[in-house]
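Undergrad:
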Ligand code: ADP
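Residue numbers (our numbering): 80 to 406.
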């Protein structure tokens, strides 16, 4: 029998589609096993303000298809101080919350690691971020939906690019991670993908586009992750415009629309599996773990290991494939 009586669940940092499906899974699994569950609104900020919500199975009705998070999310610098962490823990203790499920990105997991390490409160983290940049899971919540949103946009842009001999630079999210750019570039049939993990020079891009033009391509799409070292889509467009005066060069920044929308079936299933498993693992006595999907299995990685490991490693073969398939 587990000693856990009341689980606190929260979302923190950047929101991602699938967070609601995950909250639903956590709440209903806890209720099923006879454990109380409290929603903590606005992440660590809500912990500091005791913004707690006693939830039951009905609290999470009709949310599985919604983007965003019904628990809201926030960034909170006060929590990062020793006093802040202690205050948060005291509020949890006072309310009887004796275990946590944290849903969020790298920063959220660092916060959870700090809290659980210092005060020994059992904690499992669920990777929720559209960037797919966490170690311990092949996929993070929201990544699949975000890339689907991006390819829908690329498909629309392709129509106008093809009709007008246009060269489009489409900037997608990813300050440190090129996952969205690479996957959407492949799925959207882009001519080139520029990522923060790799210094593709402007010269390299120009030579690729020149070969494409010689091969009678009349329009091209280049996907640029926002963290690309050459300075983003506008800067790239500026650099190449003299070379390609036969193209009408356009830039589209997709921005925050990539964060929203109804989660894909993949994200809903992933969210449900991770939320369900997180509660079961807590009740089995596990703590300070990142829960994730590897292959098709749910796996646990100690938080310390997950947070110290190097992030996503860019697959060279995929970058080569982008070039080959866009000749
Ligand atoms: P994400 O979880 O999406 O990566 P952030 O990096 O903004 O988002 O982190 C969310 C919150 O987690 C921060 O506002 C802060 O309250 C907390 N946090 C981030 N890093 C740490 C850290 N090193 N120690 C303690 N708390 C942290």
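All residues carry an ideal CB built from backbone N, CA and C; glycine is no exception. Note that the structure is a prediction, hence the values are computed from the model and not measured.
Express the C-alpha separation of residue 118 and residue 124 in angstroms, rounding to a whole number.
TA: Within the chain shown, residue 124 is the residue found at index 45, counting from 1. Within the chain shown, residue 118 is the residue found at index 39, counting from 1. One C-alpha to the other measures close to 13 angstroms.
Undergrad: Would the beta-carbon of residue 183 fall within 8 angstroms of that of residue 91?
TA: Within the chain shown, residue 183 is the residue found at index 104, counting from 1. Within the chain shown, residue 91 is the residue found at index 12, counting from 1. In contact: residue 183 and residue 91 (Cβ atoms closer than 8 angstroms).
Undergrad: Please confirm whether any heavy atom of the ligand ADP lies closer than 7 angstroms to the CB of residue 98.
TA: Position 19 of the chain shown, counted from the first residue, corresponds to residue 98. No, the ligand ADP has no heavy atom inside 7 angstroms of this Cβ.
Undergrad: Can you give the beta carbon distance from residue 273 to residue 309, rounded, assuming they're within the 8 angstroms contact cut?
TA: Taking the chain shown and counting its residues from 1, the one referred to as residue 273 is at position 194. Taking the chain shown and counting its residues from 1, the one referred to as residue 309 is at position 230. Between residue 309 and residue 273 the Cβ distance is about 7 angstroms, and since that is below 8 angstroms, they are a contact.
Undergrad: Shortest alpha-carbon distance to residue 115 belongs to which of 230, 247, 86?
TA: As a first step, residue 115 must be located in the chain shown, where it is residue number 36. When only C-alpha atoms are compared, the closest one is 86.
Undergrad: Based on Cα-Cα distance, which residue from 106, 212, 94 lies nearest to residue 389?
TA: As a working note, residue 389 is residue 310 in the chain shown. Among 106, 212, 94, the Cα nearest to that of residue 389 belongs to 212.
Undergrad: Nearest by alpha-carbon distance to residue 294: which of 141, 405, 231 is it?
TA: Reading the chain shown from its first residue, position 215 is the one you call residue 294. Comparing Cα-Cα distances from residue 294 to each of 141, 405, 231, the minimum goes to 405.
Undergrad: For residue 104, name the three-state secondary structure that DSSP assigns.
TA: Residue 104 sits at position 25 when you count from the first residue of the chain shown. Helix.
Undergrad: Would you identify the three-state DSSP class for residue 360, choosing helix, strand or coil?
TA: Here residue 360 is taken as the residue at index 281 of the chain shown, counted from 1. DSSP places residue 360 in helix when its eight states are reduced to three.
Undergrad: Below 8 angstroms between beta carbons: does that hold for residue 163 and residue 350?
TA: Your numbering for residue 163 matches position 84 in the chain shown. Your numbering for residue 350 matches position 271 in the chain shown. It is not a contact, given that the beta carbons lie outside the stated cut-off.
Undergrad: Which partner residues does residue 178 have in the DSSP bridge list?
TA: Along the chain shown, read from residue 1 onward, the residue named residue 178 stands at position 99. Bridge partners of residue 178: 86.
Undergrad: Where do the ends of the alpha helix (DSSP H) carrying residue 153 lie?
TA: Here residue 153 corresponds to residue number 74 of the chain shown, with the count starting at 1. Counting along the chain, residue 153 falls outside any alpha helix (DSSP H), and DSSP gives it neither H nor E.
Undergrad: Measuring alpha carbon to alpha carbon, tell me which residue in 176, 171, 133, 190 is nearest residue 156.
TA: Residue numbering aside, residue 156 sits at position 77 when the chain shown is read from its first letter. Here the closest residue by C-alpha is 190.
Undergrad: Apart from the five residues just before and just after residue 228, which ones in its own chain have a Cβ nearer than 6 angstroms to its Cβ?
TA: If you number the chain shown from 1, residue 228 lands on position 149. 337, 340.
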